[in-house]
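J.:
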Amino acid sequence: MARLSYEHEKYQVGIALSCLSVELYLKSVLDQVEHPTELETTHDIINIYRCLAKRYVPQADLMPKLVRCRKYFNEARYPASNSAAYTKEFCEEFLGCIDAVKDYVDNKCQAGMNDLLNKFKKKL
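Position in the sequence shown (from 1) plus 1066 gives the number in my numbering.
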């Protein structure tokens, strides 16, 4: 949806959805690491990433990108903000953040057999 918003020149919406996409990618592997339960219901991508990075060391530090997403998530999702600040180039930056986080999750945050056994053993 973020890319579709971008393609239709809805850059403010594209940025908000990019930030949400980043959060969802990170949360998709959160259950593989020790973490405070409250992280599951917050938008705290900074601490979600910190929990993940303890176990899955990233090749490049994603923190600057995540700090930027965290900063603009609330601003971009409310239409009363200054939409003139949300340009095509600005939106492209956030789409790049999606790609970087997706790459991290897909290539670094891999669950092993023990992770899967522990996850499903808890539910039995």
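Where a beta carbon is used, it is the ideal one built from N, C-alpha and C, also for glycine.
From a predicted model like this one, the values you see are computed outputs, not experimental measurements.
1. Let's see if you can read the secondary structure: which residues bound the alpha helix (DSSP H) around Ala1068?
2. Exposed or buried, what is Arg1120 when buried is set at 16 or more other beta-carbons lying within 10 Å of its beta-carbon?
3. Classify Val1123: buried if its beta carbon has 16 or more other beta carbons within 10 angstroms, exposed otherwise.
4. Could you round the C-beta distance between Phe1156 and Tyr1077 to whole angstroms and report it? I think they count as a contact, below 8 angstroms.
5. Are Val1088 and Val1171 close, meaning C-beta to C-beta below 7 angstroms?
6. Hey, could you find the ends of the alpha helix (DSSP H) Asp1127 is sitting in?
7. Taking C-beta to C-beta, are Lys1168 and Tyr1091 nearer than 7 angstroms?
8. Output the boundary residues of the alpha helix (DSSP H) element that contains Cys1175.
9. Quick one: grab the DSSP three-state call for Thr1153.
10. In chain order, what residues of the same chain have a beta carbon less than 7 angstroms from the beta carbon of Ser1149, not counting five sequence neighbours either side?
11. Within the chosen definition, does the segment 1159-1168 reach the segment 1129-1142 through at least 3 CB pairs nearer than 8 angstroms?
12. By alpha-carbon positions, which one of Gly1080, Tyr1072 and His1074 ends up nearest to Tyr1144?
T.: With the given structure in hand:
1. Counting from 1 along the sequence shown, the entry for residue 1068 is found at position 2. Note, Ala1068: alpha helix (DSSP H), Ala1068 to Glu1073.
2. The residue you call residue 1120 lines up with position 54 of the sequence shown. According to the sequence displayed, residue 1120 carries Lys and not Arg. Exposed: under 16 other Cβ atoms inside 10 Å.
3. By 1-based counting over the sequence shown, the position of residue 1123 is 57. Result: exposed.
4. Stepping through the sequence shown from its first residue, residue 1156 is reached at position 90. Stepping through the sequence shown from its first residue, residue 1077 is reached at position 11. With a contact defined as Cβ atoms closer than 8 angstroms, Phe1156 and Tyr1077 qualify at about 7 angstroms.
5. Counted from its first residue, the sequence shown places residue 1088 at position 22. Counted from its first residue, the sequence shown places residue 1171 at position 105. At the C-beta level, Val1088 and Val1171 stay beyond 7 angstroms of one another.
6. Within the sequence shown, the letter at position 61 stands for residue 1127. For Asp1127, there is no enclosing alpha helix (DSSP H), as DSSP marks it with neither H nor E.
7. Taking the first residue of the sequence shown as 1, we reach residue 1168 at position 102. Taking the first residue of the sequence shown as 1, we reach residue 1091 at position 25. Yes, these two residues count as a Cβ contact at 7 angstroms.
8. Here the question's residue 1175 lines up with position 109 in the sequence shown. Premise fails: Cys1175 is in no alpha helix (DSSP H) and is neither H nor E.
9. For the purposes of this step, residue 1153 is identified with residue 87 of the sequence shown, where counting begins at 1. Collapsing the DSSP output to three states places Thr1153 in coil.
10. One-based indexing of the sequence shown puts residue 1149 at position 83. Leaving aside the five residues that flank Ser1149 on each side, the residues in its chain whose CB is nearer than 7 angstroms to its CB run, in chain order, Gln1078.
11. At 8 angstroms Cβ cutoff, the stretches touch.
12. Taking the first residue of the sequence shown as 1, we reach residue 1144 at position 78. Ranking Gly1080, Tyr1072 and His1074 by Cα distance to Tyr1144 puts Gly1080 first.
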